[in-house]
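First comes the structure, then the notes that go with it.
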Amino acid sequence: MIYLDAAATTPVRREVLEAMWPYLTGEFGNPASHHELGARALDGLDDARARVASVLGCSPSEVVFTSGGTESDNLAIKGLVLPMVGQALNAGGSGAVDAGAGQVHVAVSAIEHSAVLESARYLERWHGVDVSVLPVDSSGVVSADALESRLVSWGGKGLVSIMYANNEVGTVQDIAALSAIAHQHGALFHTDAVQAAGWLPLKVSELGVDALSISGHKLGAPKGCGVLYVSRSAQIEPVMSGGGQERGLRSGTVSVANAVAMATALELAESERLSRVSDMIAMRDRFISRVRELVPSVVLTGLEPAEGNRLPNNVSFIFSGFNGESVLLELERRGVICSSGSACAAGSTDPSHVLIALGISEDDARTVVRFTLPSTITSEDLERAANLLSESIAHLANLRQK
0 MIYLDAAATT PVRREVLEAM WPYLTGEFGN PASHHELGAR ALDGLDDARA RVASVLGCSP
60 SEVVFTSGGT ESDNLAIKGL VLPMVGQALN AGGSGAVDAG AGQVHVAVSA IEHSAVLESA
120 RYLERWHGVD VSVLPVDSSG VVSADALESR LVSWGGKGLV SIMYANNEVG TVQDIAALSA
180 IAHQHGALFH TDAVQAAGWL PLKVSELGVD ALSISGHKLG APKGCGVLYV SRSAQIEPVM
240 SGGGQERGLR SGTVSVANAV AMATALELAE SERLSRVSDM IAMRDRFISR VRELVPSVVL
300 TGLEPAEGNR LPNNVSFIFS GFNGESVLLE LERRGVICSS GSACAAGSTD PSHVLIALGI
360 SEDDARTVVR FTLPSTITSE DLERAANLLS ESIAHLANLR QK
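Take 0 as the starting number for the sequence shown in numbering that gives the first Met the number 0 and just add one per residue.
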């Protein structure tokens with residue numbers, strides 16, 4: 000099997016399993032318990048928090064452990080905006096919906112993950128928050144001018160959420176520049192860095208963000224663990240009530256094993272990042288060239304390699320005239336695993352909102368196949384995958400002619 004769906008998930012690394020194991024067995028205590036077993040669990044949790052903070056360049060108190068990217072995005076979007084709604088309500092709004100109207104704003108890009116888009120729509124629906132969807136160009140880039148123009152029209156408080164790197168087409172945004180514009184206009188800035196982690200720099204001071212989301216299973220940790228960085232200067236409201244764990248922002252007994260897994264996977268990914276990025280870019284570019292040579296009709300979505308600002312491991316093609324699901328099935332039959340888009344939209348028959356935002360037609364959007372390369376991939380694997388892709392397209396073309 001050649002696995003080319005790393006954007007969907009990655010296998011758990013052995014080092015991560017070994018780091019977790021003590022907290023699944025002998026050191027199984029609840030870190031909130033006031034006895035020795037609980038104290039040892041708390042030590043493990045504190046150590047994991049400090050290690051994550053070191054990678055992000057923040058204080059350990061600014062690290063909140065969550066169940067993954069979706070929860071981190073929800074907590075960031077809703078948690079940062081709800082205090083603004085409350086302030087507007089106290090200032091004279093007659094109700095929760097009336098309070099946000101015209102006074103509290105959220106701006107998101109058109110290619111955000113559904114966790115961000117749906118959180119923004121929730122705030123719009125139930126709290127009257129003014130939600131703006133920022134357009135992108137044909138490569139998926141958010142214009143600084145478009146953001147500036149939208150912020151100029153705001154009256155009141157607001158939040159901007161723009162993802163660091165897109166999961167479907169690999170486009171990387173200039174987060175430092177965009178966050179600086181948001182701050183000039185008094186808005187907070189959140190970025191979904193789920194796909195960026197392990198491939199792009201994550202120092203929050205350099206990015207200039209107030210909040211940043213990461214998911215563990217994209218990095219070699221188990222599914223069900225994630226992190227939200229949130230600046231200590233930002234006022235944030237919890238979206239889940241309970242015992243007040245994670246400085247009151249994420250109630251529920253903390254999984255120390257998952258926190259340790261998250262810290263270990265993030266540390267490993269960051270330590271390997273610089274050494275593997277250049278090799279991955281070279282392999283990605285050879286794969287793109289080889290596919291174009293074997294299947295001349297393909298169209299690459301997102302930015303061309305020469306333009307930069309594309310995730311090192313992301314390749315996404317339009318196979319016009321071929322059903323994307325059929326291409327996937329033929330590839331899987333030949334031992335190549337990839338996807339037709341975001342795994343979070345599995346089962347949907349609608350074309351990807353990301354591809355539509357790039358100006359791709361609905362018909363062509365349904366032909367797109369995404370290849371996201373794991374860090375363990377080899378040039379030989381990719382050469383074989385390109386040849387098997389060519390065989391698959393030829394087979395489908397032959398069936399179409401019959």
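Positions of the beta carbon are idealized from the N, C-alpha and C atoms, including for glycine.
| Asked | Found |
| --- | --- |
| What is the rounded straight-line gap between the Cα of glycine 154 and the Cα of tryptophan 20? | 51 Å |
| Using a 10 Å radius around the Cβ and a threshold of 16 neighbouring Cβ atoms, would you call phenylalanine 64 buried or exposed? | buried |
| So, is methionine 0 buried or exposed, given that buried needs 16 or more other C-beta atoms within 10 angstroms? | exposed |
| With a floor of 4 residues, list each alpha helix (DSSP H) that falls wholly inside the stretch 152–187, ordered by position along the chain. | 174–183 |
| By Cβ distance below 7 Å, which residues in the same chain neighbour cysteine 57 in space, the five residues on each side in sequence not counted? | Val203, Tyr228 |
| Would you call phenylalanine 316 buried or exposed, if buried means 16 or more other Cβ atoms sit within 10 Å of its Cβ? | buried |
| Using the C-alpha atoms, what's the distance from valine 128 back to arginine 369? | 34 Å |
| With the cut-off set at 7 Å, would you say proline 221 and valine 80 are in Cβ contact? | no |
| Can you grab the Cα-Cα spacing for the pair aspartate 191 / asparagine 397, in whole Å? | 42 Å |
| Compare the Cα-Cα distances from glutamine 86 to each of Gln234, Ser274, Ala385 and report the closest residue. | Gln234 |
| At what residues does the alpha helix (DSSP H) containing valine 404 begin and finish? | Residue 404 falls outside the range modelled here, since the chain spans only 0 to 401, and no answer is possible. |
| For serine 108 versus isoleucine 180, is the C-beta distance shorter than 7 Å? | no |
| Along the chain, where does the alpha helix (DSSP H) containing valine 353 start, and where does it finish? | 352–356 |
| Can you find the residues in the same chain that come closer than 7 Å, C-beta to C-beta, to serine 325, ignoring five residues on each side of it along the sequence? | Leu395 |
| In three-state DSSP terms, what is leucine 372? | coil |
| Does glycine 301 pass the burial test, meaning 16 or more other C-beta atoms within 10 Å, or should it be called exposed? | buried |
| Does the beta-carbon distance from alanine 384 to valine 314 come in below 7 Å? | no |
| Quick one, which of Ser148, Ser152, Glu70, Ser391 has its alpha-carbon nearest alanine 210's? | Glu70 |
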